[in-house]
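Okay, structure first, notes after.
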Amino acid sequence: MNKQLTDTLMHVLLVLSTVSILAGVIFKIQHYPYGSELMYYGLIAHFVIGSLEMNRLRKRLKEMQGTPKAPEETNSRS
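The opening position of the sequence shown corresponds to residue 1355 in my numbering, with each subsequent residue numbered one higher.
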């Protein structure tokens, strides 16, 4: 997978888990059935997806720090 597709997929999954959490909270407030399950599954999904995202971003940061910077152009005076 390319990086942009992975970024988009991770953002969509995080948004879906957040929506699941909020829907679960609203269900619990309204005393609808399965509000607790919806909220807990959303929390677990958010934790797992967030952990994967943090690890992926750490790897990306190490890759960016490990690459040498382009040499600066020096003004040589003669």
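For glycine and all other residues, C-beta sits at the position ideal for the given N, C-alpha and C. The structure presented is a predicted model; accordingly, all values stated were derived computationally and were not measured.
- Taking the C-beta atoms as reference points, Ile-1375 is found no nearer than 7 Å to Gly-1404.
- At a Cβ-Cβ threshold of 7 Å, Leu-1392 and Gly-1378 count as neighbours.
- The alpha-carbon separation between Tyr-1394 and Met-1418 amounts to approximately 36 Å.
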